[in-house]
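To keep things clear, I will list the structure first and then write my remarks on it.
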Amino acid sequence: MTLYRYIINEIWPTFLTSLLVFIFIMVAARMLSITELIVTRGVGIFQVLGMVLYLLPDILTFALPAVTLMAVLSAFLRLSADSEIIALKSSGISLYQMLPPVVGFALAVFLMGLGISLFAAPWGNRAFKDLLFSIAESRADLGIKERVFCEPFDNLVFYVNSFSRQEKSLKDVFVVDRRDETVTNTIVAKEGRIIAQPDQRMITIYFKKGTIFVVEKNMSAARTIQFDTYGLTIGLKDVMTDLASRQKAPHELSVGKLIQEIQAAREGDALRSRMMRELLEKISIPLSVWFMGIIGVALGSQMRARGRSMGIGVSLGVFAVYYICLMIVRSICSSGSVSPVIGIWIPDLFLVAAAIYLLRRAADERSFYFLSSRL
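With this note's numbering, letter number 360 in the sequence shown gets 360, and the count goes up by one each step, no holes.
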């Protein structure tokens, strides 16, 4: 038990540090899009903090396998560099006997990742899109001003004679819609009303008794359309294209809802394949934590170099191969070319094979060909 506690105490500090660094990097990568919302949409600091909070579960789902590998590899690399593994083996303790604390640690991380993947990630993805929709709704409300040309959304210019915020009604409306790259639509109407549709995450402005002037961008053609009622749809993509979509995606659905949608979808349908892939990934990605931990033991015990830079580099290399394999399998399974029931386990099978091969060579004191030239 003393040995087990010693190994665990080597692993968890690096695990926490690496996790915080990984989260910081992933959040920073998304901050460019969030900063655009702050500058161009007037998003408040609490809304930004809400976005970061809602993004965390999805980030953690992918971070845990990489961080587990990095923490275990760094711990065993330190033990190897200080010849402590040699001392343990001289005392009759084999590499296999050092595995239980790593397996126990991986079990705890697996359970945490599984809970995040099954419950927290869908909640976070839904809440993130709902927050974007509330921003879009308030933008439509606050961005429109009476008797002033204003552009509450990109490529949508409004002019209204009167606007009731309580009833969300417009009088004497003039709108120029340039969102279509081929035509410009100019809408003139007696009145309009803003109606939010949270379920579909879009806002519709219904106009009554008006005219639409449609002009081709190259001025080659023009036409006039008279209408009694007309709906102008504003989706989340008009607020922030790379952060939002108009409909709920599979990764926003709970496990129960995913199962219902899969049962209702037609066999062979592309959306059904995406939902099946999403459901199985909720188990397959957390499961990779186990194999990453074993790979970390094998690699760390055989790398003699001092310092953690090589350990971090090798960890990132292994995770990069796993991630590329995962992305390829995702694309293939989503297209329906391979059933997700089979394809989604391929990255985990790669890790299983790598873990068995590397652990056996490390236990037999046989060096790895890809490391021998550097060590």
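By construction, the Cβ of each residue, glycine as well, lies at the ideal position given by its N, Cα and C atoms.
For residue i, the residue or residues it bridges with in DSSP
i: K171; result: S162 and E191
i: L156; result: F153 and D177
i: I312; result: Answer by DSSP bridge pairing: none, since I312 is not bridged.
i: G210; result: A189 and F227
i: L88; result: Partner(s): none; L88 has no beta bridge.
i: G235; result: M202
i: A363; result: Per DSSP, none; premise fails for A363.
i: Q197; result: M202
i: A222; result: V215
For residue i, three-class secondary structure by DSSP
i: K145; result: coil
i: R374; result: Unreliable placement is indicated for R374, whose pLDDT of 47 sits below 50; no coordinate value is reported for it.
i: T217; result: Reading off the sequence, residue 217 comes out as Lys, not Thr. Correct three-state label for K217: coil.
i: I7; result: helix
i: M303; result: coil
i: R246; result: Any answer about R246 is weak, because its pLDDT of 42 lies below 50 and its placement is not dependable; what the coordinates show is given next. Three-state result, R246: coil.
i: T182; result: coil
i: A29; result: helix
i: I59; result: helix
i: S254; result: coil
i: D348; result: helix
i: I93; result: coil
i: M276; result: helix
i: E267; result: coil
i: D130; result: helix
Burial state of residue i, where buried means 16 or more other Cβ atoms lie within 10 Å
i: F46; result: exposed
i: I328; result: exposed
i: R223; result: exposed
i: D82; result: exposed
i: W12; result: exposed
i: S91; result: exposed
i: D58; result: buried
i: Y357; result: exposed
i: P286; result: buried
i: A355; result: buried
i: L49; result: exposed
i: Y96; result: exposed
i: A320; result: exposed
CB-CB length for residue i against residue j, believed under 8 Å
i: T186; j: V176; result: 5 Å
i: P347; j: S288; result: 7 Å
i: G317; j: V102; result: Actually they are not in contact, since the Cβ atoms of G317 and V102 sit about 20 Å apart, beyond 8 Å.
i: L77; j: M303; result: 5 Å
i: V215; j: V183; result: 7 Å
i: S273; j: S334; result: 6 Å
i: L351; j: I295; result: 7 Å
i: T14; j: S74; result: 5 Å
i: L279; j: L258; result: 5 Å
i: I144; j: F158; result: 5 Å
- Query: When the Cβ atoms of the segment 68–78 are set against those of the segment 253–266, are three or more pairs found closer than 8 Å?
  - Reply: no
- Message: With a threshold of 8 Å, are at least 3 pairs of Cβ atoms found where one atom belongs to the segment 48–66 and the other to the segment 19–38?
- Response: yes
- Query: Just checking, does the segment 118–131 make contact with the segment 43–62 on the three C-beta pairs under 8 Å criterion?
  - Reply: yes
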